[in-house]
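2 protein chains.
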Amino acid sequence: MSDEPVKYTLPDSEIPTHWVNLMADLPGPASPPLNPATQEPAGPDDLTPIFPMGLIMQEVATDPEVEIPEEVRDIYKRWRPSPLFRAHRLERALDTPAHIYYKYEGGSPAGSHKPNSAVPQAFENKKAGVERLVTETGAGQWGSALALACSLFDLECEVFMVGASYDQKPYRRSMMEAWGAKVHRSPSNETQAGRANAEHDTGSLGIAISEAVEVAAGDGRTNYALGSVLNHVCMHQTVIGQEAMAQMAMAGEEPDVVIGCVGGGSNFAGLAFPFMRRRLREGASTRFLAAEPAACPTLTRGVYRYDFGDTSGMTPLLPMYTLGHDFVPPPLHAGGLRYHGDSPLLCGLVKAGLIDAVAYRQNETFEAAVRFARTEGQLPAPEPAHAIRATIEEAEAAREAGEPRVLLFGLCGHGHFDMSAYDAYLSGTLEDIEFSESEMEAALERLPEAPALA
Amino acid sequence: MSDEPVKYTLPDSEIPTHWVNLMADLPGPASPPLNPATQEPAGPDDLTPIFPMGLIMQEVATDPEVEIPEEVRDIYKRWRPSPLFRAHRLERALDTPAHIYYKYEGGSPAGSHKPNSAVPQAFENKKAGVERLVTETGAGQWGSALALACSLFDLECEVFMVGASYDQKPYRRSMMEAWGAKVHRSPSNETQAGRANAEHDTGSLGIAISEAVEVAAGDGRTNYALGSVLNHVCMHQTVIGQEAMAQMAMAGEEPDVVIGCVGGGSNFAGLAFPFMRRRLREGASTRFLAAEPAACPTLTRGVYRYDFGDTSGMTPLLPMYTLGHDFVPPPLHAGGLRYHGDSPLLCGLVKAGLIDAVAYRQNETFEAAVRFARTEGQLPAPEPAHAIRATIEEAEAAREAGEPRVLLFGLCGHGHFDMSAYDAYLSGTLEDIEFSESEMEAALERLPEAPALA
Numbered sequence: 044m045s046d047e048p049v050k051y052t053l054p055d056s057e058i059p060t061h062w063v064n065l066m067a068d069l070p071g072p073a074s075p076p077l078n079p080a081t082q083e084p085a086g087p088d089d090l091t092p093i094f095p096m097g098l099i100m101q102e103v104a105t106d107p108e109v110e111i112p113e114e115v116r117d118i119y120k121r122w123r124p125s126p127l128f129r130a131h132r133l134e135r136a137l138d139t140p141a142h143i144y145y146k147y148e149g150g151s152p153a154g155s156h157k158p159n160s161a162v163p164q165a166f167e168n169k170k171a172g173v174e175r176l177v178t179e180t181g182a183g184q185w186g187s188a189l190a191l192a193c194s195l196f197d198l199e200c201e202v203f204m205v206g207a208s209y210d211q212k213p214y215r216r217s218m219m220e221a222w223g224a225k226v227h228r229s230p231s232n233e234t235q236a237g238r239a240n241a242e243h244d245t246g247s248l249g250i251a252i253s254e255a256v257e258v259a260a261g262d263g264r265t266n267y268a269l270g271s272v273l274n275h276v277c278m279h280q281t282v283i284g285q286e287a288m289a290q291m292a293m294a295g296e297e298p299d300v301v302i303g304c305v306g307g308g309s310n311f312a313g314l315a316f317p318f319m320r321r322r323l324r325e326g327a328s329t330r331f332l333a334a335e336p337a338a339c340p341t342l343t344r345g346v347y348r349y350d351f352g353d354t355s356g357m358t359p360l361l362p363m364y365t366l367g368h369d370f371v372p373p374p375l376h377a378g379g380l381r382y383h384g385d386s387p388l389l390c391g392l393v394k395a396g397l398i399d400a401v402a403y404r405q406n407e408t409f410e411a412a413v414r415f416a417r418t419e420g421q422l423p424a425p426e427p428a429h430a431i432r433a434t435i436e437e438a439e440a441a442r443e444a445g446e447p448r449v450l451l452f453g454l455c456g457h458g459h460f461d462m463s464a465y466d467a468y469l470s471g472t473l474e475d476i477e478f479s480e481s482e483m484e485a486a487l488e489r490l491p492e493a494p495a496l497a
Numbered sequence: 044m045s046d047e048p049v050k051y052t053l054p055d056s057e058i059p060t061h062w063v064n065l066m067a068d069l070p071g072p073a074s075p076p077l078n079p080a081t082q083e084p085a086g087p088d089d090l091t092p093i094f095p096m097g098l099i100m101q102e103v104a105t106d107p108e109v110e111i112p113e114e115v116r117d118i119y120k121r122w123r124p125s126p127l128f129r130a131h132r133l134e135r136a137l138d139t140p141a142h143i144y145y146k147y148e149g150g151s152p153a154g155s156h157k158p159n160s161a162v163p164q165a166f167e168n169k170k171a172g173v174e175r176l177v178t179e180t181g182a183g184q185w186g187s188a189l190a191l192a193c194s195l196f197d198l199e200c201e202v203f204m205v206g207a208s209y210d211q212k213p214y215r216r217s218m219m220e221a222w223g224a225k226v227h228r229s230p231s232n233e234t235q236a237g238r239a240n241a242e243h244d245t246g247s248l249g250i251a252i253s254e255a256v257e258v259a260a261g262d263g264r265t266n267y268a269l270g271s272v273l274n275h276v277c278m279h280q281t282v283i284g285q286e287a288m289a290q291m292a293m294a295g296e297e298p299d300v301v302i303g304c305v306g307g308g309s310n311f312a313g314l315a316f317p318f319m320r321r322r323l324r325e326g327a328s329t330r331f332l333a334a335e336p337a338a339c340p341t342l343t344r345g346v347y348r349y350d351f352g353d354t355s356g357m358t359p360l361l362p363m364y365t366l367g368h369d370f371v372p373p374p375l376h377a378g379g380l381r382y383h384g385d386s387p388l389l390c391g392l393v394k395a396g397l398i399d400a401v402a403y404r405q406n407e408t409f410e411a412a413v414r415f416a417r418t419e420g421q422l423p424a425p426e427p428a429h430a431i432r433a434t435i436e437e438a439e440a441a442r443e444a445g446e447p448r449v450l451l452f453g454l455c456g457h458g459h460f461d462m463s464a465y466d467a468y469l470s471g472t473l474e475d476i477e478f479s480e481s482e483m484e485a486a487l488e489r490l491p492e493a494p495a496l497a
């Protein structure tokens, strides 16, 4: 074989034993989530109706590391450690001196990084005696991950799937059903929140979250599970970045730029936070780049304010970049990135200038996806195609500068359930959906009253 | 973590350096393929119009091992060595003393074992200066593997996809197109063979092979590529069984039964032949079990005779179990198993009593697939679901016998493109398609004249 390694594989013994809790490393105190009624910091009690205490303690943890339960690591072993690839073939196609690495999470049974959090969430709920989990899903990645995790822990699972994705990706629904879950098209008739938003037929993550939270809050044997945004979810995903650090060390390189797509932020946080900790603690010069869709440009066009995590205003107020909690993004194919806000932890780092953000349109992301598929072989989901687009632009910049920069991006899932989007791109009918500035401005006028953020 | 390993992983350095050529181990001389005009053994010259000399030499090789080119191993490294799993959770669900292992090939970019042969085939054709490869595909697994391999070696790729699968799995077509291939629904208007079979609208592998061979034979810059049946294809797949032997050794066990599904035979051969060599050379007591669909029961209901590999009679005559070269199997969902014949090498071993065969109906295979998905997490393709069904029955027999038998089966691909079949099963509308004995008998009456087989 040639002496150019294309893959860096860790043994099972190198699956991380702890999650990285970046809360412990923030330069100042984080702005807390607020109870919307009292405007006081939300405490564990605000969360007990929908979350088990095990996850609430993780959500508010201040320890720098949180131990991963043995039962969770046992299931992680089915697809972790995930491989890190060196994209030699893409580098050659781009004629760039940059070294491009990608961490591939598509090998999990559900096809993305989402099971990294679905499994510990199902585990903690099972331990707490919960019998049913209810959730929302955009592209279907999170819903299928939770369906998988619930089948492994013998829990019932119910999923509110955003209408646009339900129509575009019928087989994601089938996948959840094969694992035993029940799937509703959102907005649905099952909930008040769904009925109140019936006119937004393509749905949104915000509406689907409202539906799921409503069901969970109204039933004692049922809890809610969220696939992104919250601290504990971002923390669960840090197995990705920890493994990537060990694998980059095997390759004998350090990333100059860490790149990921951002919907709610868990994929980006998972890859980036371990490297961010090193930057904060050791002054490493790593740059961080978040890629989002131009049709839902939370980090690049949103305002940094307290806002609800869902459309109906049932969640605590979260400090984040937002387009307004009732902004309904257009039905772009990267359904996992159709969220009006982002993880407060990630938003704080953007606000502090530690993470850069960039937004791309559909056609340029699919152009990058096809280029990647035809050089590296893997067919990416539309969400990480945003990260691929950003990586290609960084590699081209390295070529212009004549510098051998080291780029690392997260390939958080495969595109096997997104082929209708590829069809549209290849047949030239994929639209560069416009972001509606006027709708965002109207939504921002409906932001809840809350203290200003620093 | 618990001390029960669930996964056995080999380092990249353990990717096999050679393929196993079982031809060298057969007890007597194999019946040769025949030129249909002369009834004389077909030689390399019969194959040069459609295959490059590199593959022809592999096809007729008598060496026990054939070296894998470095360029091929470099690409294998992208998904090989593939993992071997211990199915603890399925064992517990079945309450069986059997130990169940499975070798998972679904992690390749195309989602099955097929790239193991597509890559060396594309490589040898590229080396020979060929510019375009044409092939057939049933379920789409082989077609997407060849589309992938052609994109990696910068070859044009054209695929005749069996009508039934083209309709059931539109996203397999999209996947091939994303890698740059051109896809025709077979029977097509592009070829004489397609037009002559227009009345068989759902198509068959036999018809699609005729179409592809016709195109390749008529164009000097184009070759044909076959995804199964032939010796060199079965040989390419033996990387699977060689790795599995090393991984079973890591687990400290030997399989009592090796189980695989059979369409044309390459998946089964890939897993089984290295173990078969050990049985033949060292007298190991391993049992081999081939699982096929009851709607296309080549090994269990066919006759052992010389027959064409394709419907139109363009290929050499092959010694094999056959249902008749113009038998059109019903459109079952396991499209990869809809073939009237099987690998001559494998058929010879069945004839010699070294491999047992069993046939299953659609609903019982999907019942096994869902049971597997809900315990082990992986969603299998309909083809390996036949092997899962057989494994479950073997595990139940072990429970009845009170014996801790060791079972190893091949999970040759995931079911991400087969969700409409899962939908049909879960909604209770999946039919147990009947095998037409009268159609088979009529097809057998049209077998070509040829010498009898021993």
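Chains A and B supply the protein sequences, listed in that same order.
FYI, the numbering for the first sequence is 44 to 497, going by my numbering.
FYI, the numbering for the second sequence is 44 to 497, going by my numbering.
We put the beta carbon where it would ideally sit given N, CA and C, even for glycine.
Bear in mind that the values here come from a model prediction, so they are computed numbers and not experimental data.
Member of the options whose CA lies at the smallest distance from the CA of residue i
i	options	result
H429 (chain B)	B:A402, B:P317, B:A153 and B:N240	B:A402
G223 (chain A)	B:F415, B:T341, B:S479 and B:E83	B:F415
V205 (chain A)	A:G384, A:V226, A:V162 and A:V300	A:V226
A171 (chain A)	A:E102, A:M96 and A:E108	A:M96
A207 (chain B)	B:S463, B:I435, B:H376 and B:A440	B:H376
L469 (chain B)	A:Q184, A:E102, A:E220 and A:M291	A:E220
E148 (chain A)	A:Q421, A:S355 and A:V346	A:Q421
T343 (chain A)	A:H459, A:C200 and A:E480	A:E480
F351 (chain B)	B:T341, B:M363, B:F478 and B:R320	B:M363
Whole-angstrom distance between residue j and residue i, CA atom to CA atom
i	j	result
A438 (chain B)	P140 (chain B)	8 Å
K157 (chain A)	A444 (chain B)	42 Å
V272 (chain A)	E446 (chain A)	35 Å
A333 (chain B)	F452 (chain B)	10 Å
T365 (chain A)	L490 (chain A)	9 Å
V276 (chain B)	S160 (chain B)	6 Å
P373 (chain A)	E492 (chain A)	26 Å
M44 (chain A)	P107 (chain B)	Confidence in M44 (chain A) is poor, its pLDDT being 46 and thus under 50, which makes the residue's placement unreliable; the coordinate value appears in the next sentence. So the two alpha carbons sit approximately 22 Å from each other.
G154 (chain A)	M293 (chain B)	27 Å
T472 (chain B)	Y51 (chain B)	38 Å
F316 (chain A)	G396 (chain B)	59 Å
W62 (chain A)	E174 (chain B)	50 Å
Extent of the continuous beta strand (DSSP E) run through residue i
i	result
F370 (chain A)	Counting along the chain, F370 (chain A) falls outside any beta strand (DSSP E), and DSSP gives it neither H nor E.
K170 (chain B)	Note, K170 (chain B): premise wrong, no beta strand (DSSP E); alpha helix (DSSP H) at P158 to K170.
H429 (chain B)	It is not in any beta strand (DSSP E) - H429 (chain B) instead sits in the alpha helix (DSSP H) that spans P425 to A444.
P336 (chain A)	R330 to P336
A104 (chain B)	Segment: none, A104 (chain B) is in no beta strand (DSSP E) and carries neither H nor E.
Residue i - DSSP class collapsed to helix/strand/coil
i	result
C455 (chain A)	coil
L361 (chain B)	strand
M44 (chain A)	Any reading at M44 (chain A) must be qualified, since the residue scores a pLDDT of 46, below 50, and its modelled position is unreliable; the value itself is stated next. In this structure, M44 (chain A) counts as coil in the three-state DSSP scheme.
K394 (chain A)	helix
P112 (chain A)	coil
D138 (chain A)	coil
I302 (chain A)	strand
M179 (chain A)	Reading off the sequence shown, one finds Glu at residue 179 (chain A), where the question assumed Met. DSSP places E179 (chain A) in strand when its eight states are reduced to three.
T418 (chain B)	helix
Y465 (chain B)	helix
C193 (chain A)	helix
D399 (chain A)	strand
T354 (chain B)	coil
Heavy atom of the ligand ATP within 7 Å of residue i beta-carbon
i	result
L195 (chain A)	Of the ligands one can find in the structure shown there are none, so the ligand ATP has no counterpart to examine.
Presumed contact (8 Å Cβ cut-off) between residue i and residue j, rounded CB distance
i	j	result
L77 (chain A)	P84 (chain A)	6 Å
Residue interval of the alpha helix (DSSP H) (run including residue i)
i	result
G206 (chain B)	G206 to Q211
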